[in-house]
Amino acid sequence: MLTEQTQRQQQQTTRHEGGATATTLRKALARQSRKLTRNQFCSSQDNLGASEYRKDRRVHGLQLPLHPLQLVGWFALILFGYSTFALLIPALKPSVQLPLYYVLATLYLLHLVSHLAALLLDPADVELRRKSSRAVVPEFDRSKHSHVIENGRCHLCNIKTTSHRTKHCSVCNKCVGTFDHHCKWLNHCVGGRNYVAFLMCVVSAVIAALVILAAAVVEIVLYHVQPEWLNVAWFGFANSSDTTAIVDPTSDQTNTDLNNDTLANSTLPSLLDNITSSAQDLLLNQTLFINDTAD
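Each step along the sequence shown adds one to the number in full-length UniProt numbering, with nothing skipped, and position 183 is 183.
Here it is in structure tokens:
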């Protein structure tokens, strides 16, 4: 009897532990799934060609997962664009606004076009572009080969490279012709096919940043030195009580001269006039007092 009770207790304990283990396993799988989903959308991993991400090669920089620096770059581009065209330029006089609009709009347009070109152009080797982008790229086996590319042949892409400057990028998981570097801001490799677009993207961004910085410094200086060059009314400063008063020396001198002339032409009462006026007031008060007493 005691043995049967012990067996039933052991079975119940086993079922309970089994249920707890299954619940724990389901939670762990759910956490892993959520983590994998986040990593598939945005990840800073150095090797995005690993099996848990994808087995094929990256064709352009908009393929998931995106890199965090790529998102930061897009946010900075939107922030600088809004602050420049909605805040910085309208603060200047209309005669100065138009040239700045032309210059910065041209730089922004050039940067956007070159950015998209560097992002979307596939810099892969010519031989690799002839193959399907969905072809599975095997993992590198160092026990068989010392290097990914040996004697002009890539063991992963399974192609004969067209240039000695072709390199295999482990992040994009492909061979890049005339490889320069892997740009995390573009989430893409820079090679011979998109190098000019990448260079134009960088140069236009640097020039635009310098122009914006110079315009901001000029506005700060003009606000303290020559505020009439600024469109102060655009900020609503004209009707604000916090507006700093601009003193005109000419009008101030004119007001001073007018006050002096007024004082010079005015007639001040003499001492006799003051005594006479005081005596009349005293006599009037006494008369009123006597009348009140008589009543």
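Quick reminder that beta carbons are idealized off the backbone N, C-alpha and C, glycines included. In this text the structure is predicted, and so the values were computed from the model without any measurement.
Annotated three-state conformation of E139 is coil, per DSSP. For V126, the enclosing alpha helix (DSSP H) stretches over residues V126 to R129. The criterion of a C-beta distance shorter than 9 Å is not satisfied by H188 and C201. Secondary structure note for C201: its alpha helix (DSSP H) is the uninterrupted segment Y195 to V225.
When DSSP assignments are scanned along the stretch 67-139, the uninterrupted stretches of alpha helix (DSSP H) that are 4 or more residues long and fall wholly within it turn out to be 68-83, 94-120 and 126-129. Using a Cβ-Cβ distance cut-off of 8 Å, the stretch 215-224 and the stretch 85-100 are in contact, since at least three pairs of beta carbons, one from each stretch, lie closer than that value.
Of V126, K55, L186 and E228, the smallest CA-CA separation from E139 is found for K55.
Close CB contacts of L120 within its chain, under the 6 Å cut and outside five residues either way in sequence, are with H60 (chain order). Runs of the beta strand (DSSP E) lying entirely within the stretch 141-185 and spanning at least 3 residues, in chain order: 167-169, 174-176 and 181-183. For the set Q40, H67 and A105, the Cα lying nearest the Cα of S204 is the one of A105. In the DSSP assignment, C189 falls within the unbroken beta strand (DSSP E) covering H188 to V190. Just so you know, the alpha carbons of F198 and D141 end up roughly 33 Å apart.
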